[in-house]
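>
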Amino acid sequence: EQGSAAAQHNLGVMYLKGDGVPEDDKETIKWYRLAADQGNAGAQYNLGNMYSYPQGVPQDYKEAVKWYRLAADQGFAMAQVNLGWMYEEGKGVPQDYVQAYAWYNLAGGEIDLDSAKDDVAKKMTPEQIARGQELARELDKKIKAAK
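Here the working numbering is used: the first residue of the sequence shown is 1, the next is one more, and so on.
1. Of the residues Gln55, Gly12, Ala5, Phe76, which one's Cα is nearest the Cα of Lys144?
2. I'd like to know whether the C-beta atoms of Tyr101 and Met124 end up nearer to each other than 8 Å.
3. Taking the continuous alpha helix (DSSP H) assigned at Asn40, which residues delimit it?
4. Taking the alpha-carbon of Ala146 as reference, which of Glu134, Met14, Ala72, Asp96 has the nearest alpha-carbon?
5. How about Val65 and Gly92: are their beta carbons less than 8 Å apart?
6. Quick check on Val120: does DSSP put it in helix, strand or coil?
7. Just curious, the alpha helix (DSSP H) that Gln99 is in, first and last residue?
8. Does the distance from the CB of Asn82 to the CB of Ser52 come in under 8 Å?
9. Helix, strand or coil, according to DSSP, for Thr28 in the structure here?
10. Residues in the same chain with beta-carbon distance under 6 Å from Ala41, minus the five sequence neighbours each way, listed in chain order, please.
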């Protein structure tokens with residue numbers, strides 16, 4: 001209640017899991033949103049999940065993309081993975097394999113994504129793959145500059 005984004009995020013997780021408090025999706029979203037609005041990447045990612053895999057809110061892929069992007073732009077690897085998937089599948093954004101490849105490529109430094117990246121690469125031309133690699137380098141520079 002004093003405005004700590006980390007504490008707000010943690011409280012949201014507790015309400016989500018029913019850890020020491022009753023499970024309550026509305027409380028989960030309330031605390032995640034408070035933390036996310038302060039730039040907490042974990043809360044932004046979790047809000048993206050709440051909208052993508054509806055829990056406590058109606059499914060809204062555009063809203064999920066918004067929250068994933070905010071977290072992904074901070075270098076949050078799982079948000080980058082989910083954003084890549086959204087682009088690959090055209091959920092909340094126009095389908096774009098170049099964007100998908102770029103986000104998978106970025107997250108690949110943090111987690112093993114070779115199969116996801118390889119799967120999307122099979123749908124791409126060599127030129128698109130090169131554009132995806134270049135976009136990943138540009139995004140990486142932007143993320144590092146923002147830190």
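Ideal placement from N, C-alpha and C gives every residue a C-beta, glycine not left out.
These figures come from a predicted structure and were not determined experimentally.
By the coordinates alone:
1. Numbered from its first residue, the sequence shown carries residue 144 at position 144. Closest by C-alpha distance to Lys144, out of Gln55, Gly12, Ala5, Phe76, is Phe76.
2. The residue given as residue 101 occupies position 101 in the sequence shown. The residue given as residue 124 occupies position 124 in the sequence shown. Cβ distance < 8 Å, so Tyr101 and Met124 count as in contact.
3. Here residue 40 corresponds to residue number 40 of the sequence shown, with the count starting at 1. Here Asn40 belongs to no alpha helix (DSSP H), and DSSP marks it neither H nor E.
4. Residue 146 sits at position 146 when you count from the first residue of the sequence shown. Closest option to Ala146, Cα to Cα, is Ala72.
5. Here the question's residue 65 lines up with position 65 in the sequence shown. Here the question's residue 92 lines up with position 92 in the sequence shown. Contact flag set, yes.
6. Here residue 120 refers to the residue found at position 120 when the sequence shown is read from its first residue. Helix.
7. Locating residue 99 in the sequence shown gives position 99, counting from the first residue. Run containing Gln99: 97 to 107, per the alpha helix (DSSP H) assignment.
8. The residue given as residue 82 occupies position 82 in the sequence shown. The residue given as residue 52 occupies position 52 in the sequence shown. Their beta carbons are under 8 Å apart, which means Asn82 touches Ser52 by this criterion.
9. To locate residue 28, count along the sequence shown from 1; it is residue 28. Of the three classes helix, strand and coil, the one that applies to Thr28 here is helix, per DSSP.
10. Within the sequence shown, the letter at position 41 stands for residue 41. So the list reads Ala71, Gln74, Phe76, once near-sequence residues are dropped.
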